[in-house]
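Heads up: the sequence shown begins at 2 in my numbering, then just goes up one per residue. Cβ coordinates follow ideal geometry from the N, Cα and C atoms, glycine included. A quick note: this is a predicted structure, and the numbers were derived from the prediction, not measured.
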Amino acid sequence: MTFSPEFLLDQYFETAFSAPDGIKRLRELILTLAMQGKLVPQDPNDQPARELLREIEAEKQRLIKEGNFKESKLRLGSIEFKKVPFSIPNNWQWCYLDDIAVIARGGSPRPIKSYLTEDSSGWNWIKIGDTDKSSLFITQTKEKIISSGLNKTRIVYPGDLLLSNSMSFGHPFISKIKGCIHDGWLLIRSPDNYVDKIFFCYLFLSGYTKKFFHDSAAGAVVQNLNADKVRALLVPLPPLAEQKRIVEKIESLMTQCDELEKRQQEREQKRILVHTSAVQKLLNAPEEKTFDEAWQFVQQNFGELYAVKENVSELRKAILQLAVMGKLVPQDPHDPPASELLKEIEAEKQRLIKEGKIKKQKPLPEITADEIPYDLPDSWEWCILRQISLAIDYGTSQKTCNDSSKIPVYRMGNILNGRLIDINLKYIDPNIDDLPRLFLQKDDILFNRTNSYELVGKSALYNGEDNIKTFASYLIRIRLEQKNVFPRFVNLVMNAPYFRKTQIEPEITQQCGQANFNGTKLSETLIPLPPLSEQHRIVAKVDALMTLCDQLENQIDQQTTKQTQLLSAVMAGV
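Have a look at this one:
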């Protein structure tokens with residue numbers, strides 16, 4: 002059964018366009034149909050492939066006698082019908098790649114550096130880095146090499162087919178230049194005018210051959226393709242005229258896939274740009290009316306804007322930022338202002354100092370106008386983190402173990418998406434000097450001070466029982482004054498975009514491949530403080546909106562699964 006390009010696109014366009022990796026799978030389908038003889042109709046006037054094989058064999062023998070080909074010592078035997086992977090048209094023929102090509106591995110002259118030359122008369126030194134996977138052709142090289150020491154297995158001529166056999170193995174290219182190759186390549190040379198080299202590139206790119214290469218590759222550290230394994234590839238060989246028609250059809254369909262992909266990317270980019278614009282209007286709205294208009298736009302276009310996870314991720318960030326700017330919930334004029342909270346916090350801290358329960362802190366620095374990230378509602382106040390904290394401490398540096406009967410220790414890998422996760426925990430002896438001082442209590446905040454650049458500065462709230470777990474030295478514990486400060490609100494603040502951009506990133510240092518942020522800098526970071534009741538209202542609102550974001554992502558996952566299943570069902574019918 003053959004399918005025209007129009008049939009393919011009519012049947013699979015909408016499904017492939019909507020499904021994740023749909024266009025990629027459509028490309029794979031095109032190559033599968035091509036290699037099974039289902040992409041273009043057969044022409045009874047074409048020379049059958051079995052006759053083509055006889056002519057190729059005669060030409061190979063002639064070239065071997067002339068010394069241009071080296072005869073393979075591999076003896077593969079006849080092809081058993083039960084071993085062929087799929088059916089092919091009657092005028093096609095199954096054969097081994099060894100039947101229609103000579104295959105040789107490249108080699109590397111030693112030492113390579115002594116052969117490198119800037120002389121334009123040198124040989125092109127073809128390396129994997131000279132290729133572009135969006136093209137089937139090698140047209141130039143960055144380096145040249147003198148011919149001394151080269152042998153015939155290393156020499157490449159225009160029209161030769163090359164196959165990468167190491168690292169990213171199994172990718173084909175056609176050389177358009179004369180040059181030489183190293184041992185990361187296999188040279189596949191067929192007698193001219195008997196096979197279409199581009200057809201064979203598409204054969205190597207098809208799912209059938211990719212699976213064969215994957216199953217054939219070997220190597221403990223770096224996988225590579227053995228030349229004899231590649232020689233044993235079973236090739237569905239069409240008549241030469243049909244090979245050319247197949248190539249023409251494939252390229253026509255791939256061009257249309259490119260257009261679909263471009264349209265898909267433009268659609269997704271438009272969604273992201275519109276969403277970004279809407280979020281910026283929310284964040285930058287100078288007045289309540291402007292904010293309400295921007296929020297109304299988001300609500301009216303909710304389904305379209307949040308059909309992709311990237312936008313939902315950005316929505317989460319926007320929710321946090323709006324929350325800490327005082328734009329997520331209305332202010333209540335009856336709430337005691339944050340300035341009163343700060344006075345009560347200071348009084349409470351002085352009482353605890355007198356009782357010897359906390360240490361006396363250094364005087365607070367003044368917050369200058371140029372340090373303030375943005376304006377706050379009248380009832381809010383900018384404050385310094387240690388102004389609202391009872392203690393800020395580094396974790397234990399004592400050696401941990403895997404004995405789960407001891408005290409669990411949170412490490413930097415346990416902070417994920419603003420939450421503490423109890424996986425891959427390590428443990429510590431309960432009798433160390435750091436305990437009980439470094440035991441965690443409910444609503445302590447843990448801050449990741451050392452990690453990769455993008456993970457430094459993440460924080461999470463501890464919600465477990467008091468005095469049963471501790472934390473490692475790469476984390477910092479913030480214990481807040483909780484009569485006037487809601488720890489969940491402060492944790493929300495510390496995960497908001499402004500905190501990362503203005504308080505963390507400017508002060509991150511890099512050492513030995515790790516990013517670092519110390520406790521002193523953390524204690525001086527700026528926190529927007531609302532009235533206590535508003536802190537609770539903000540957290541409740543954020544929780545509700547984050548639940549909505551979870552639902553949106555679940556809907557996207559369900560829709561993605563549905564689209565993928567539909568595409569699989571459609572393609573399974575081919």
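Our two residues, Thr-142 and Glu-252, have alpha carbons roughly 26 Å apart in a direct line. Distances from the CA of Leu-226 to each of Leu-32, Asp-544, Lys-128 and Gly-107 were compared; the closest alpha carbon is that of Gly-107. Residue pairing by DSSP places Tyr-411 opposite Phe-472 in a beta bridge. The C-alpha of Val-309 lies about 19 Å from the C-alpha of Leu-321. DSSP places Gln-362 outside any beta strand (DSSP E), giving it a letter other than H or E.
The straight-line gap separating the alpha-carbon atoms of Phe-82 and Trp-95 is approximately 9 Å. When DSSP states are grouped into helix, strand and coil, Gly-130 belongs to the helix group. If you draw a straight line from the Cα of Gly-160 to the Cα of Ile-178, it comes to about 8 Å. Following the DSSP letters along the chain, one finds Arg-55 in no beta strand (DSSP E) but inside the alpha helix (DSSP H) bounded by residues 50-66. The criterion of a C-beta distance shorter than 7 Å is satisfied by Gly-208 and Glu-29.
Of the candidates Arg-272, Leu-447 and Glu-455, the residue whose Cα lies closest to the Cα of Lys-470 is Leu-447. Between Gln-37 and Ile-89, the beta carbon gap of about 7 Å places them in contact (Cβ cut-off 8 Å). Rounded to the nearest angstrom, the gap between the Cα atoms of Thr-256 and His-172 is 20 Å. Per DSSP, reduced to three states, the secondary structure at Ala-102 is coil, with no helix or strand assignment. By a beta-carbon distance limit of 8 Å, Ser-380 does not contact Pro-331. Their separation comes to about 11 Å.
Restricting attention to Asp-336, Pro-239 and Asn-468, the CA atom closest to the CA of Pro-49 is found in Pro-239. The Cβ-Cβ distance between Pro-378 and Gly-327 falls below 7 Å. Inter-residue distance for Val-236 and Leu-98 is about 6 Å (C-alpha atoms, whole angstroms). In this structure, the CA atom of Ile-429 is about 38 Å from the CA atom of Glu-554. About 5 Å separates the CB atoms of Ile-139 and Phe-174; that is less than 8 Å, so the two are in contact.
Gly-23: not part of any beta strand (DSSP E); member of the alpha helix (DSSP H) spanning 23-36, first to last residue. Rounded to whole angstroms, the separation of the alpha carbons of Phe-490 and Leu-353 is 23 Å. By the CB criterion at 7 Å, Lys-318 and Pro-507 fall outside the cutoff. Under the three-pair Cβ rule at 8 Å, the region 382-401 does not count as touching the region 532-548. Bounds of the beta strand (DSSP E) holding Ala-516 are 515-517.
Membership of Asp-445 in any alpha helix (DSSP H) is not indicated, and neither H nor E is assigned to it by DSSP.
Around the beta-carbon of Val-85, fewer than 16 other beta-carbon atoms lie within 10 Å, marking it exposed.
In this structure, Ala-242 sits away from Asp-558, with a CB-CB distance that is not shorter than 7 Å. From the listed residues Arg-26, Pro-409, Leu-234 and Asn-496, the smallest Cα separation to Gly-78 is found for Leu-234. Taking the Cα of Phe-440 as reference, the smallest distance to any Cα among Lys-459, Gly-458 and Ser-474 is reached at Ser-474. Counting only residues of its own chain and dropping the five nearest sequence neighbours on each side, Lys-360 has a CB closer than 8 Å to the CB of Ile-354 and Ala-392. For Ser-340, the enclosing alpha helix (DSSP H) begins and ends at 339-355. In the DSSP annotation of this structure, the continuous segment of the beta strand (DSSP E) that includes Pro-529 starts and ends at 527-530. In the DSSP assignment, the residues bridged to Phe-138 are Ile-175.
Counted as a single uninterrupted DSSP element, the alpha helix (DSSP H) harbouring Ile-320 occupies residues 310-325.
Counting along the chain, the unbroken alpha helix (DSSP H) around Pro-488 starts and ends at 488-495.
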